[in-house]
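Trainee:
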Amino acid sequence: MRATITLLPGDGIGPEIMAEAEALLDVLARQHGHTFEFHRRLIGGAAIDALGQPLPSGTLAACRQSDAILLGAVGGPKWDDPDASIRPEQGLLQLRQGLGLYANLRPVKPHPSLHDASPVRAERLHDVDLVVVRELTGGLYFGRKLEFRDTAEDVCRYTRVEIERVVRRAAYLARTRRGRLTLVDKANVLATSRLWRSVTRELVKREFPDITLETLLVDAAAMHLISRPAHFDVIVTENLFGDILTDEASMLTGSLGLLPSASLGDDGPGLYEPIHGSAPDLAGHDRANPFAMCLSVAMMLEQSLGLVEEARRVDAAVRECIDNGETTFDLGGPLGTRAAAAAVRKRLAGSMADGALEGPVHHPDRAPLAAARVS
Ligand code: IPM
Ligand code: MG
């Protein structure tokens, strides 16, 4: 197949992991006879430095014209001045909003060989397989903001339509998995949460009578994610709660450097990025974990390009590296960014030589996430 992919390396470790994503895609293109056309564009601090704005119009236009978008990370101490009116993070937020990417899928599935790398006890990690569906274009992130010397304000606003579309996507996903949907909110305090609750209950009753809906307050959810993570199947929640809970949930896998994500709208290209940030302390030292980026590439292959088998092979290659200790320092391994990513590519080459591509393409493994694409 032919596909146009916009690459947005961004800041910090972004360019390092993006280089590895590109190399990975090159290997797959060669092995499977695809043509991936890459368009590299600026975003975040790098774009502020070059063009004075975090999301240049050329970047947004290139994204709109592509089949999928890969993003590294944005932000860093260089642009951290609290008084600055232009910030790298605005580039990412404008991109999410500009492309209407309202549903952010963050799967969390700890690898058995990494159970000891998690601060959570290993016996609690068996059977953990959850996806957080985070609302991505509303709530406190996008409400009106006021900043004075001694007062500041962030407005949290949600509409029925905004809630329905993301809950519908999460419910579809739950239907293809274990059929449990958990709405996380703060309905005992927040008016927006009460709207989330009533809209979600109505929608699930009307359109998804076959799935089980439960509601959980966000403070309790933070605790349950640690005390009984295997309970969860699909969690749906508003923007800020989703941001916080997914950093927490990443520790079930042993490292923030392992979690990929997909940001999807109703049509147009999806955006794929690791959930970790720009990690300025690691930047330039060949220390960043490239696996969250490799797994984001896998999500992109499957969900935006429909390349299910290629996605499965990338997932398997990363899993094999983890099983064999070919990991970066955050997982206790000896490898740098480049060597860990090279190990993934080597395993891809190996699996090809073993004839792993023979026989029928098989989908069931990844069906749940594929089904998250609501047509
Ligand atoms: C994330 C990040 C972003 C967010 C930042 C960089 C704006 O933390 O994708 O989780 O808060 O959404
Ligand atoms: Mg975050």
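Each step along the sequence shown adds one to the number in numbering that gives the first Met the number 0, with nothing skipped, and position 351 is 350. Glycine included, every Cβ here is placed at the ideal spot set by N, Cα and C. Computed from a prediction, not measured in an experiment: that's the story for all the values here.
Does T326 come out as helix, strand or coil in the three-state DSSP assignment?
Mentor: Here T326 sits in coil by DSSP.
Trainee: What do you get for P81, buried or exposed, if any count of 16 or more other CB atoms within 10 angstroms of its CB means buried?
Mentor: So P81 counts as exposed.
Trainee: Taking a contact to mean a Cβ-Cβ separation below 9 Å, would you say G290 touches T245 in this structure?
Mentor: Correcting the residue identity first, residue 290 is Phe in this sequence and not Gly. No, these two residues do not count as a Cβ contact at 9 Å.
Trainee: Would you list the residues whose beta-carbon is nearer than 5 Å to any heavy atom of ligand 1, in the order they occur in the chain?
Mentor: E88, D242
Trainee: What residue range is occupied by the uninterrupted beta strand (DSSP E) comprising L104?
Mentor: It spans 102-107 - the beta strand (DSSP E) in which L104 sits, taken as one unbroken run.
Trainee: Please report how far the alpha carbon of A46 lies from the alpha carbon of S350, in whole angstroms.
Mentor: 39 Å
Trainee: V183 lies in the beta strand (DSSP E); which residues open and close that run?
Mentor: 179-184
Trainee: For a test of your reading of the model: does the CB of I12 fall under 8 Å from any non-hydrogen atom of ligand 2? Yes or no.
Mentor: no
Trainee: Would you give the residue range spanned by the alpha helix (DSSP H) that A67 belongs to?
Mentor: Taken as a continuous stretch (DSSP letters only), A67 belongs to no alpha helix (DSSP H), being part of the beta strand (DSSP E) at 67-72.
Trainee: Residue range of the alpha helix (DSSP H) that R133 falls in?
Mentor: Here R133 belongs to no alpha helix (DSSP H); instead the beta strand (DSSP E) covers 129-134.
Trainee: Report the CB separation of L216 from D184 in whole angstroms; it is logged as a contact under 8 Å.
Mentor: 7 Å
Trainee: Taking 8 Å as the cut-off, is the C-beta of D79 nearer than that to any heavy atom in ligand 3?
Mentor: Ligand 3 is not part of the structure shown, which contains ligand 1 and ligand 2 as its ligands.
Trainee: If I measure Cβ to Cβ from G142 and keep anything under 8 Å in the same chain, skipping five residues before and after, which residues do I get?
Mentor: Counting only Cβ-Cβ distances below 8 Å, and skipping sequence neighbours, we find D153, V154, C155, R156.
Trainee: Check this for me: beta carbons of A219 and T236, under 9 Å apart or not?
Mentor: No.
Trainee: Starting from the C-beta of E88, find all residues in its chain whose C-beta is less than 7 Å away, skip the five residues before and the five after it, and write them out in chain order.
Mentor: V73, G74
Trainee: Does G358 pass the burial test, meaning 16 or more other C-beta atoms within 10 Å, or should it be called exposed?
Mentor: Annotation note: pLDDT 41 at G358 (below 50); position unreliable, coordinate value reported separately. Looking at its Cβ environment, which holds fewer than 16 other Cβ atoms inside 10 Å, G358 is exposed.
Trainee: In three-state DSSP terms, what is I234?
Mentor: If DSSP states are grouped into helix, strand and coil, I234 belongs with the strands.
Trainee: So is A366 buried or exposed if we call it buried at 16+ other beta carbons inside 10 Å?
Mentor: Only weak support is given to the placement of A366: the predicted model assigns it a pLDDT of 38, under 50, and the value that follows is read from those uncertain coordinates. Classification for A366: exposed.
Trainee: Given this structure, state the Cα-to-Cα distance separating G71 from M17, to the nearest angstrom.
Mentor: Between G71 and M17, the C-alpha separation is close to 6 Å.
Trainee: Compare the beta carbon distance of S260 and I243 with 9 Å and say whether it is the shorter of the two.
Mentor: Their beta carbons are not under 9 Å apart, which means S260 does not touch I243 by this criterion.
Trainee: Alpha carbon to alpha carbon, what distance is there between L255 and L104?
Mentor: C-alpha separation (whole angstroms): 15 Å.
Trainee: Decide if A371 is buried, meaning its Cβ has at least 16 other Cβ atoms within 10 Å, or exposed.
Mentor: Note that A371 scores a pLDDT of 39, beneath 50, so its modelled location is shaky; the value from the coordinates is reported in the next line. Buried, because 16 or more other Cβ atoms sit within 10 Å of the Cβ of A371.
Trainee: For a minimum of 3 consecutive residues, which ranges assigned as the beta strand (DSSP E) are wholly contained in the segment 255-296?
Mentor: 259-263, 269-273
Trainee: Between the segment 289-304 and the segment 334-342, do at least 3 Cβ pairs fall closer than 8 Å?
Mentor: yes
Trainee: Does the beta-carbon of T3, which I'm using as the reference point, lie nearer than 8 Å to any heavy atom of ligand 2?
Mentor: no
Trainee: Decide if A169 is buried, meaning its Cβ has at least 16 other Cβ atoms within 10 Å, or exposed.
Mentor: buried
Trainee: Answer with buried or exposed for E213, where buried requires no fewer than 16 other C-beta atoms within 10 angstroms of its C-beta.
Mentor: E213 comes out exposed.
Trainee: Less than 8 Å between C-beta atoms, sequence neighbours within five positions excluded: which residues of the same chain meet that for V129?
Mentor: The residue asked about is misnamed: residue 129 is Leu in this sequence, not Val. Here the set comprises P106, V107, K108, P228, F231, D232, V233, I234, A248.
Trainee: Tell me, to the nearest whole angstrom, how far the beta carbon of L27 is from that of E309; I am working on the premise that it is less than 8 Å.
Mentor: So it is a contact: roughly 5 Å between Cβ atoms.
Trainee: Under 9 Å, do L69 and I4 count as touching if we go by C-beta distance?
Mentor: yes
Trainee: In the DSSP assignment, the alpha helix (DSSP H) including L190 goes from what residue to what residue?
Mentor: It is worth fixing the name first, because residue 190 is Ala in this sequence and not Leu. Here the alpha helix (DSSP H) through A190 covers 190-206.
Trainee: Measuring CA to CA, which of T158, L330, A315, F240 is closest to M250?
Mentor: L330
Trainee: Can you give, in chain order, each stretch of the beta strand (DSSP E) that sits fully within the segment 47-97 and has at least 3 residues?
Mentor: 67-72
Trainee: At what residues does the beta strand (DSSP E) containing T34 begin and finish?
Mentor: 34-39
Trainee: DSSP state of L439, grouped into three classes?
Mentor: Because residue 439 is not part of the residues shown, which for the chain are 0 to 374, the question remains open.
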